[in-house]
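Participant: Note that our numbering gives residue 197 to position 171 of the sequence shown, counting from 1, and the numbers run on in steps of one.
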Amino acid sequence: MSTKGYFAFPPLTPGTSRSYPTFIPQSPNTKETFVDESAPWKGDETRSEEPPHDEARINRLHEEQKLIEMNETEWVRGGGVLRDAQGRRDKARTERIRAELKLQAEEKAKMGRWREYDERWKALAASDEALAFADIPWPLRTAPSSSSRDANAFTLPAISEFLFESLSVRTNTVTKKSRIRSSILRWHPDKSALVVGRVVAGDVDAVREGIHAVFHCLKRLQDDERDNCNNTV
């Protein structure tokens with residue numbers, strides 16, 4: 027029979043008084059502290075032992091949390107609904123993730139349109155092939171068709187929407203002023219003359235009118251931005 031955890035003390039003889047130390051069994055993981063009461067008293071001194079900073083453990087917890095969030099996002103992306111600790115539908119958290127996914131998709135589309143526009147300009151500059159009206163990377167979400175080639179499509183709201191929509195993306199670092207300036211340099215008549223010189227004869231007039239309309243809108247945007255800056259000073 028095991029007597030682990032129990033202590034037996036000899037009985038006291040009559041007329042004697044003897045004190046025995048009080049012992050509280052400790053669990054295997056509990057650190058036992060011995061206090062020598064016979065040592066000189068050091069006042070109200072409190073000794074605290076703080077666990078060392080475990081950076082690896084903190085990083086592991088962060089990684090686990092990110093993995094949980096990724097799994098939740100993918101679950102909601104696939105049409106699932108999150109549940110709370112009690113197993114009830116967590117509509118608020120599910121809607122927050124849905125809103126974030128929608129925003130991410132919109133931002134991806136905005137950046138995709140601008141990236142395609144910029145890459146088309148780089149490809150055009152690197153080539154010397156003949157160009158048609160449809161080959162020009164017009165700064166519009168929906169470019170005019172090559173059949174209509176309507177210069178009236180180049181309106182200030184339409185060009186502004188395309189130029190500035192990607193600036194609202196959360197990871198964007200480009201300013202509105204910088205976007206206008208780089209666009210003016212790209213569409214300046216002196217520089218665009220090289221482009222017009224490569225356009226097929228049947229599309230030259232339409233391309234020239236389109237470039238003029240774009241540049242006119244860009245100058246208006248530059249003037250508006252300058253006025254706004256002056257008003258805020």
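Where a beta carbon is used, it is the ideal one built from N, C-alpha and C, also for glycine. Keep in mind it's a predicted model, so treat the numbers as computed, not measured.
Does the stretch 196–203 come close enough to the stretch 225–240 to have 3 or more Cβ pairs within less than 8 Å?
Facilitator: No, the stretch 196–203 does not touch the stretch 225–240.
Participant: Suppose the cutoff is 6 Å on Cβ atoms and the five residues either side in sequence are ignored; what does the same chain contact list for Thr258 look like?
Facilitator: The answer is none, since no qualifying residue turns up.
Participant: Shortest alpha-carbon distance to Asp144 belongs to which of Leu189, Glu121, Glu132, Ile123?
Facilitator: Looking at the Cα atoms, Leu189 is the closest of the given residues.
Participant: Is Cys243 near Leu166, with beta carbons less than 8 Å apart?
Facilitator: Contact flag unset, no.
Participant: Once the 5 residues before and after Ala149 are set aside, which same chain residues still bring their CB inside 7 Å of it?
Facilitator: The answer is none, since no qualifying residue turns up.
Participant: I'd like the span of the alpha helix (DSSP H) that includes Gly236, first residue to last.
Facilitator: Run containing Gly236: 230–258, per the alpha helix (DSSP H) assignment.
Participant: Name, in chain order, the residues that DSSP records as bridge partners for Val225.
Facilitator: For Val225, which the question treats as bridged, DSSP gives the partners Leu157.
Participant: According to DSSP, is Arg196 helix, strand or coil?
Facilitator: If DSSP states are grouped into helix, strand and coil, Arg196 belongs with coil.
Participant: Between the alpha carbons of Gly138 and Lys217, how many angstroms are there, rounded?
Facilitator: Distance between the alpha carbons of Gly138 and Lys217: 26 Å.
Participant: Specify the secondary structure class of Leu150 as computed by DSSP and reduced to three states.
Facilitator: Residue state, collapsed to three classes: helix.
Participant: Have a look at Arg246, Asp154, Glu126 and flag the residue whose alpha-carbon is nearest the alpha-carbon of Phe180.
Facilitator: If we check each option's Cα against that of Phe180, Arg246 comes out closest.
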